[in-house]
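Using this note's numbering, read the sequence shown as starting at 4 and increasing by one per residue.
Worksheet: one structure, shown below.
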Amino acid sequence: MLSLFPELFTYQLVVPFLLRVILALIFIGNGYSKIFKSKIKTLEFFNSIGLKPNKFWVYLVGLTELVSGILFLLGFLTQAAAIAVALIMLGSIVRVKAKQGFLGGYDFDLLILACAVSLLFLGPGIFSIDLPL
C-alpha cells in the first residue's frame with residue numbers, strides 16, 4: 004500500500020481512543036446540560052419539535068448522552084454507546100437539522116454520527132476496558 008507515513012500504521016489503536024475521548028467530552032457535557040443546567044430550555048425545545056411528553060424525551064436523550072459519554076470515557080461497552088449515540092444523531096438529523104440544510108445544519112451531527120459508526124466498527128482503541136474482552 005502506498006503511504007506517505009507508513010510508520011503511523013503502528014499507532015492504529017490510538018485513533019479510536021482519540022475519537023472515543025472526544026465523543027465522551029461532547030456527550031458528557033451535552034447530557035449533563037440537558038438534565039441539570041438548561042432543563043427548562045431543553046423542555047421547551049423538545050416541545051417545539053413535537054416530542055411529547057417532552058419531560059420523558061429530555062430525560063431519555065439526556066441520560067443516554069450522559070451514560071454514553073461516560074462509557075466512551077471508560078472504553079466500556081463502546082459499541083453499545085456508539086449505537087446509542089448514532090441513533091440520537093440520526094434522530095437529530097431527521098427530526099431537526101435536515102430542514103436547516105447541510106452547512107450550519109446537520110453537518111456537525113453527521114460528523115458525530117460518522118465518529119460513532121467508526122467506533123462501532125473499529126472498537127475502543129487503547130486504554131479501554133473493552134479491549135481485553
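Ideal Cβ placement from N, Cα and C applies to all residues, glycine included.
C-alpha gap between residue i and residue j, whole angstroms
| i | j | result |
| --- | --- | --- |
| Lys42 | Ile132 | 32 Å |
| Ser71 | Ala85 | 8 Å |
| Leu63 | Glu10 | 43 Å |
| Val61 | Phe111 | 21 Å |
| Pro56 | Gly126 | 35 Å |
| Phe48 | Leu26 | 23 Å |
| Asn50 | Ile38 | 15 Å |
| Leu106 | Val97 | 15 Å |
| Phe59 | Ile91 | 15 Å |
Sequence-distant residues of its chain with Cβ nearer than 6 Å to residue i (five each side left out)
| i | result |
| --- | --- |
| Glu68 | Phe30, Asn33 and Gly34 |
| Ala119 | Ala85, Val88 and Ala89 |
Residue i - containing alpha helix (DSSP H), residue span
| i | result |
| --- | --- |
| Val88 | Thr81 to Arg98 |
Proximal residues to residue i (C-beta, below 8 Å), its chain only, five neighbours per side dropped
| i | result |
| --- | --- |
| Gly108 | Lys100, Ala101 and Lys102 |
Contact set for residue i: own chain, Cβ-Cβ below 7 Å, skip 5 residues either direction
| i | result |
| --- | --- |
| Ile129 | Leu16, Val17 and Phe20 |
Problem - Whole alpha helix (DSSP H) elements within the region 14 to 65, 4-residue minimum - result: Within the region 14 to 65, the runs of alpha helix (DSSP H) that reach at least 4 residues and sit entirely inside it are, in chain order, 17 to 35 and 42 to 51.
Handout entry: Completely contained alpha helix (DSSP H) runs for the region 104 to 128, where each covers 4 or more residues
Key = Listed in chain order, they are 110 to 125.
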